[in-house]
Every structure is written in structure tokens, then in C-alpha cells.
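The block underneath contains the structure these notes are about, expressed in C-alpha cells.
There are 2 protein chains.
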Amino acid sequence: MNAVLDTIFEHRSIRKFTEQPINAEQLDTIIAAGIAASSSSLLQVNSVIRITDPIKRKALATLAGNQPYVESAAEFLVFCIDFQRHIQMNDKVKPEFTELTLIGAVDAGIMAQNCLLAAESMGLGGVYIGGLRNSAQQVDELLELPKYTAVLFGMCLGHPAQDPQRKPRLSPQVIMHENSYQPLDINKVVEYDQTMMDYYASRSSNQKQSTWSEQITTKLSGESRPHMLGYLNGKGLAAK
Amino acid sequence: MNAVLDTIFEHRSIRKFTEQPINAEQLDTIIAAGIAASSSSLLQVNSVIRITDPIKRKALATLAGNQPYVESAAEFLVFCIDFQRHIQMNDKVKPEFTELTLIGAVDAGIMAQNCLLAAESMGLGGVYIGGLRNSAQQVDELLELPKYTAVLFGMCLGHPAQDPQRKPRLSPQVIMHENSYQPLDINKVVEYDQTMMDYYASRSSNQKQSTWSEQITTKLSGESRPHMLGYLNGKGLAAK
Numbered sequence: 001m002n003a004v005l006d007t008i009f010e011h012r013s014i015r016k017f018t019e020q021p022i023n024a025e026q027l028d029t030i031i032a033a034g035i036a037a038s039s040s041s042l043l044q045v046n047s048v049i050r051i052t053d054p055i056k057r058k059a060l061a062t063l064a065g066n067q068p069y070v071e072s073a074a075e076f077l078v079f080c081i082d083f084q085r086h087i088q089m090n091d092k093v094k095p096e097f098t099e100l101t102l103i104g105a106v107d108a109g110i111m112a113q114n115c116l117l118a119a120e121s122m123g124l125g126g127v128y129i130g131g132l133r134n135s136a137q138q139v140d141e142l143l144e145l146p147k148y149t150a151v152l153f154g155m156c157l158g159h160p161a162q163d164p165q166r167k168p169r170l171s172p173q174v175i176m177h178e179n180s181y182q183p184l185d186i187n188k189v190v191e192y193d194q195t196m197m198d199y200y201a202s203r204s205s206n207q208k209q210s211t212w213s214e215q216i217t218t219k220l221s222g223e224s225r226p227h228m229l230g231y232l233n234g235k236g237l238a239a240k
Numbered sequence: 001m002n003a004v005l006d007t008i009f010e011h012r013s014i015r016k017f018t019e020q021p022i023n024a025e026q027l028d029t030i031i032a033a034g035i036a037a038s039s040s041s042l043l044q045v046n047s048v049i050r051i052t053d054p055i056k057r058k059a060l061a062t063l064a065g066n067q068p069y070v071e072s073a074a075e076f077l078v079f080c081i082d083f084q085r086h087i088q089m090n091d092k093v094k095p096e097f098t099e100l101t102l103i104g105a106v107d108a109g110i111m112a113q114n115c116l117l118a119a120e121s122m123g124l125g126g127v128y129i130g131g132l133r134n135s136a137q138q139v140d141e142l143l144e145l146p147k148y149t150a151v152l153f154g155m156c157l158g159h160p161a162q163d164p165q166r167k168p169r170l171s172p173q174v175i176m177h178e179n180s181y182q183p184l185d186i187n188k189v190v191e192y193d194q195t196m197m198d199y200y201a202s203r204s205s206n207q208k209q210s211t212w213s214e215q216i217t218t219k220l221s222g223e224s225r226p227h228m229l230g231y232l233n234g235k236g237l238a239a240k
């Protein structure tokens with residue numbers, strides 16, 4: 001093990017923060033870490049909106065489905081797909097999607113994970129906020145995003161005021177396949193369901209009785225933000 | 001600075017590898033690092049296909065647009081969106097896209113970046129291979145991906161046999177905005193174009209004369225894998 005692996009394996013999402021701010025040098029390092037990540041064909045198709053306005057923070061906390069840590073975290077960053085930059089530079093640029101939207105989403109994940117690990121390596125903690133997509137259009141308007149730029153997710157960062165347990169994950173035998181796709185070994189999911197039952201029953205706060213299978217069935221049975229296609233279409237970022 | 005930041009800021013894509021294999025413990029650590037990353041709503045919607053079959057490696061190197069390091073790297077991993085797993089578990093699961101495909105793409109980026117940093121922290125190097133999407137359907141068939149599972153990108157990993165310079169990036173003043181989207185400061189791009197000209201002219205191999213603006217204009221003027229929408233539709237992963 002080394003310090004990088006320690007940081008990676010110690011990850012827990014942090015949703016409670018002290019009032020201590022993140023200093024300017026730390027923030028610069030976090031952003032620089034994101035920018036240092038790989039970028040598909042060096043296109044650099046992401047922008048990050050740092051939200052310092054307390055009124056916007058409060059609005060975003062509500063729009064994300066009432067997640068108060070969006071308001072209370074020391075920093076809140078919004079990661080966007082951004083092809084507006086390229087189009088401003090040259091009117092020959094004619095983005096074609098779905099491919100470019102995929103690049104924007106993958107590269108945002110790569111970039112954001114560098115930001116989160118950089119923060120965690122400095123003793124900070126954070127959590128991804130996909131809930132911004134609950135109200136993508138309203139978030140978009142609040143941040144005055146132009147055409148060809150779209151909101152993907154947010155990230156709360158700050159000094160941790162909680163010490164949650166690490167959440168168990170599916171086994172590598174489920175996630176990794178060799179040479180071709182291998183059918184699911186349902187026994188591995190049964191084992192994992194038991195592990196998650198034990199985890200939820202024993203964790204220090206927010207105890208519940210539920211398996212992973214039950215949770216994902218609930219999550220994936222209803223509608224999952226069906227407005228997202230219309231939103232991306234409206235931004236010029238879908239289905240061409 | 002700390003060891004995590006050092007690893008993040010020392011990143012260069014590595015495309016030449018020695019013949020030394022990655023040992024089983026290292027590979028297990030790399031995969032475990034990916035699995036330890038954040039997962040949207042703990043859905044865990046990604047699979048990784050490890051390619052050990054030399055015939056498949058050779059075919060993938062060609063399908064990726066003739067990238068020989070896909071064949072020669074010690075390890076080649078293919079990152080996929082995978083909702084097949086969830087659908088197998090419960091027929092009540094009815095994935096809705098575009099949202100879930102976005103989750104799959106963002107989470108694949110987050111997971112893969114943990115894998116790459118874990119590898120880099122152990123003295124290994126690697127490179128993302130978006131070129132697999134050049135021939136998404138053929139790659140899909142080669143890996144026998146079922147419905148609701150789609151190829152996103154690959155990753156070569158191995159012991160570096162080259163020591164390239166770090167590629168300059170756009171300035172943080174271009175990437176980061178505060179509270180609302182800020183128009184592009186074209187002077188920053190002019191500066192960056194000069195920096196990239198100098199970088200390309202001075203680097204040890206593959207010297208060329210080109211600015212970033214010229215490159216991205218070329219990249220974004222033609223068609224960008226227009227088959228991707230049809231591919232995702234065919235997998236049940238688009239436009240609903």
C-alpha cells in the first residue's frame with residue numbers, strides 16, 4: 001500500500017462539514033488537479049462553476065432535492081459539459097452528439113475524481129451531487145449556462161464533521177469479466193445483499209433494513225429523470 | 001504537496017511499455033481501487049472486461065484505429081455501462097435513458113480514474129482509449145456484450161518504456177467560473193495556443209507545428225462517431 005491507495009480506499013462520502021473554510025491555496029490545488037487529468041483528444045470539454053453566492057447555494061440545495069450540505073459545505077462545485085467554449089473560438093466547429101456528450105460525461109467524471117482525491121489527500125471530504133439533475137433546467141438557468149453547455153453534477157467539499165463507515169461494494173468477481181461478458185453469478189449478489197443488510201443495521205446513523213437488490217429495484221423501476229433528454233436536446237447536446 | 005498530489009500532477013499518458021507483466025496483486029489492487037470509487041445511488045452500473053486473449057487484443061488494437069499499444073500493453077481493460085446486471089436481478093427493473101446512460105458514463109470516468117491513479121502510484125503508466133468507440137458495434141460483438149451493456153472506452157496499463165513531458169492544459173481561469181457562466185477570455189486561448197506550439201515544437205518525439213485551436217477545430221468540424229446514437233439505441237441505452 002502507498003499514500004495514494006490509502007486515500008482511494010479510505011473514501012467515504014462526507015455530508016457533514018465544520019464551518020472551517022477551504023483556503024485559497026487548497027482550492028487552487030483541487031482545481032489544478034482536475035485540470036491535470038486526461039482529456040479525450042485534449043478537447044478539454046468541461047467547465048466547473050464554483051458557487052460562492054449564498055442565495056444560489058440555498059437555491060441549489062433545494063433544487064438538488066433538499067440536500068442541506070449543498071448549502072453548508074465550504075465549497076460547492078458544479079461540473080458541466082462545455083462545448084460553448086469551442087464554438088466561440090471558431091464557427092466551423094459543429095458539435096455532433098451523442099458521441100460528444102458521452103465524452104463530456106466521461107471526462108467530467110475523470111476530472112472530478114482527481115478533484116475529490118486531491119481534496120481527500122489534504123484531509124478534506126466531499127460528496128458527488130447527482131441530484132442537481134432533478135432540476136437540470138432550473139439549475140442551468142440559475143448558473144446562466146449558454147447553449148452547448150449543460151449541468152452534469154455537483155460536488156460538496158469541506159472539513160469533515162463526521163466519520164462514516166465505508167460502504168461495502170459488489171465483489172470484483174461481479175464487476176470484472178475476462179475476454180467476454182460473463183453472466184451474473186446471482187450467489188454473489190445474495191452474499192452482497194446480506195453484507196449490505198448487516199452494514200445498514202450496524203452503521204452509526206441512518207440505520208435501515210434493506211438489501212442492495214431491493215434498493216436498486218426501487219431506484220430503477222420508476223422514472224429516472226425523464227426530462228434529461230429534453231434538457232440536453234434544448235442545449236443542442238443530444239440526439240444528432 | 002503530498003504523494004497523492006504528486007501522482008495526480010505527474011500524470012502523462014503512457015503508450016510504450018516494457019514486456020514486464022503487471023502482477024496479480026497489482027491488478028487486484030487496480031480493480032479494487034476502481035470499485036472503491038463513488039457510485040451514483042450505489043447503483044454500481046459499470047463492468048470492466050479484462051482482455052487477456054492475444055487474438056482479441058490484436059483485433060481491438062485495429063478496431064481502435066490502429067493503436068498498437070492496445071495489443072502490447074501488459075493489461076488492457078474495457079470499461080462498460082452495464083445495466084444488464086440489474087435487469088437480470090429483477091424484471092421490474094426498467095431502465096430509462098438518457099439519464100441512466102449519463103450516470104453510466106460519469107461513473108465509468110470516476111471509476112477508471114481511480115484505477116489509473118492506483119496504477120500510477122505503483123510505478124505503472126497507462127492511457128485511455130476512446131478510439132474503441134470508432135467501431136463500437138464490432139467491439140461489442142467481440143466482447144459478447146448483452147443488451148443494456150455498452151462499451152465506453154479502454155485503458156492500456158503497463159510498465160512505462162517512455163518518459164514523455166506533461167502536456168500543457170487550459171488555464172484554471174478558463175475552466176473555472178464563479179456563480180454563473182463567464183464568457184471565454186480569448187486572450188487566454190491565444191496564450192495557450194502559443195504554449196502548445198512551443199510544447200509540440202520542443203517535445204522529444206512526434207514534433208509538430210499546430211495550435212490547440214487548430215486541432216480542436218479540425219476534431220470538431222467533421223463527424224464525431226455519428227454511429228454512437230444508433231449503437232446505444234440498439235443496446236436499449238438511448239433516447240427514452
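Protein chains in written order, with UniProt numbering: chain C, 1 to 240; chain V, 1 to 240. All C-beta atoms, glycine included, are put in the ideal place defined by N, C-alpha and C.
Neighbour flag for residue i against chain V, beta carbons, 9 Å
{"i": "P172 of chain C", "result": "yes"}
{"i": "H159 of chain C", "result": "no"}
{"i": "Y69 of chain C", "result": "no"}
{"i": "D163 of chain C", "result": "no"}
{"i": "S224 of chain C", "result": "yes"}
{"i": "A73 of chain C", "result": "no"}
{"i": "A37 of chain C", "result": "yes"}
{"i": "M89 of chain C", "result": "yes"}
{"i": "A33 of chain C", "result": "yes"}
{"i": "I103 of chain C", "result": "yes"}
{"i": "I14 of chain C", "result": "no"}
{"i": "M176 of chain C", "result": "yes"}
{"i": "E99 of chain C", "result": "yes"}
{"i": "N179 of chain C", "result": "yes"}
{"i": "K235 of chain C", "result": "no"}
Short CB-CB distance (under 9 Å) between residue i and chain C
{"i": "M111 of chain V", "result": "yes"}
{"i": "Y200 of chain V", "result": "no"}
{"i": "Q84 of chain V", "result": "yes"}
{"i": "K240 of chain V", "result": "Confidence at K240 of chain V is low in this model, with a pLDDT of 46, below 50, so the placement of that residue is unreliable and no value is reported for it."}
{"i": "P21 of chain V", "result": "no"}
{"i": "N206 of chain V", "result": "no"}
{"i": "L132 of chain V", "result": "no"}
{"i": "F17 of chain V", "result": "no"}
{"i": "N46 of chain V", "result": "yes"}
{"i": "K58 of chain V", "result": "no"}
{"i": "M122 of chain V", "result": "yes"}
{"i": "C156 of chain V", "result": "no"}
{"i": "S213 of chain V", "result": "yes"}
{"i": "S135 of chain V", "result": "no"}
{"i": "A3 of chain V", "result": "yes"}
{"i": "T217 of chain V", "result": "yes"}
Candidates the options: closest to residue i by CA position
{"i": "E75 of chain V", "options": "V:G123, V:G158, V:V174", "result": "V:G158"}
{"i": "Q20 of chain V", "options": "V:M228, V:A105, V:A73, V:G154", "result": "V:A73"}
{"i": "V4 of chain V", "options": "C:N23, C:L184, C:I30", "result": "C:I30"}
{"i": "Q84 of chain V", "options": "V:D53, V:I22, V:N46, V:Q67", "result": "V:N46"}
{"i": "P226 of chain C", "options": "V:K188, V:T101, V:A112", "result": "V:T101"}
{"i": "P160 of chain C", "options": "C:E120, C:R133, C:L220, C:F79", "result": "C:E120"}
{"i": "K16 of chain C", "options": "C:S135, C:G125, C:V106", "result": "C:G125"}
{"i": "Y192 of chain C", "options": "C:I35, C:S205, C:I175, C:N206", "result": "C:I175"}
{"i": "P172 of chain V", "options": "C:I35, C:I14, C:Q26", "result": "C:I35"}
{"i": "A32 of chain C", "options": "V:S40, V:P164, V:L170", "result": "V:L170"}
{"i": "D198 of chain C", "options": "C:D6, C:P168, C:L132, C:S39", "result": "C:P168"}
Where residue i sits in the DSSP three-state scheme
{"i": "G234 of chain V", "result": "helix"}
{"i": "S121 of chain C", "result": "helix"}
{"i": "K240 of chain C", "result": "Because K240 of chain C carries a pLDDT of 46, less than 50, the predicted location of this residue cannot be relied on, and the following value inherits that uncertainty. Reduced to three states, the DSSP call for K240 of chain C is coil."}
{"i": "S202 of chain V", "result": "helix"}
{"i": "Y128 of chain V", "result": "strand"}
{"i": "E178 of chain V", "result": "strand"}
Integer-rounded CB distance, given that residue j should sit under 8 Å from residue i
{"i": "T211 of chain C", "j": "M228 of chain C", "result": "Rounded, the Cβ-Cβ distance is 28 Å, inconsistent with contact."}
{"i": "A112 of chain C", "j": "L232 of chain C", "result": "Not a contact, Cβ separation roughly 19 Å."}
{"i": "G130 of chain V", "j": "L77 of chain V", "result": "That belief does not hold up - the Cβ atoms of G130 of chain V and L77 of chain V are roughly 14 Å apart, past 8 Å."}
{"i": "Y181 of chain V", "j": "E71 of chain C", "result": "Not confirmed; about 21 Å, so no contact."}
{"i": "L63 of chain C", "j": "A108 of chain C", "result": "That pair is no contact at about 19 Å."}
{"i": "E177 of chain C", "j": "I110 of chain V", "result": "The question names Glu, but residue 177 of chain C in the sequence shown is His. About 19 Å; that fails the 8 Å criterion."}
{"i": "D53 of chain C", "j": "N114 of chain V", "result": "Rounded, the Cβ-Cβ distance is 32 Å, inconsistent with contact."}
{"i": "K147 of chain C", "j": "K58 of chain C", "result": "About 27 Å separates the two Cβ atoms, so there is no contact after all."}
### Query
If you scan the region 136-167 of chain C from start to end, which runs of the beta strand (DSSP E) of 3 or more residues do you find wholly inside it?
149-158
#### Entry: Runs of beta strand (DSSP E) lying entirely within the region 37-98 of chain V, each at least 3 residues, in chain order
46-50, 75-82
### Query
What are the uninterrupted segments assigned as alpha helix (DSSP H) that are 4 or more residues long and contained completely in the region 203-228 of chain V, given in chain order?
212-221
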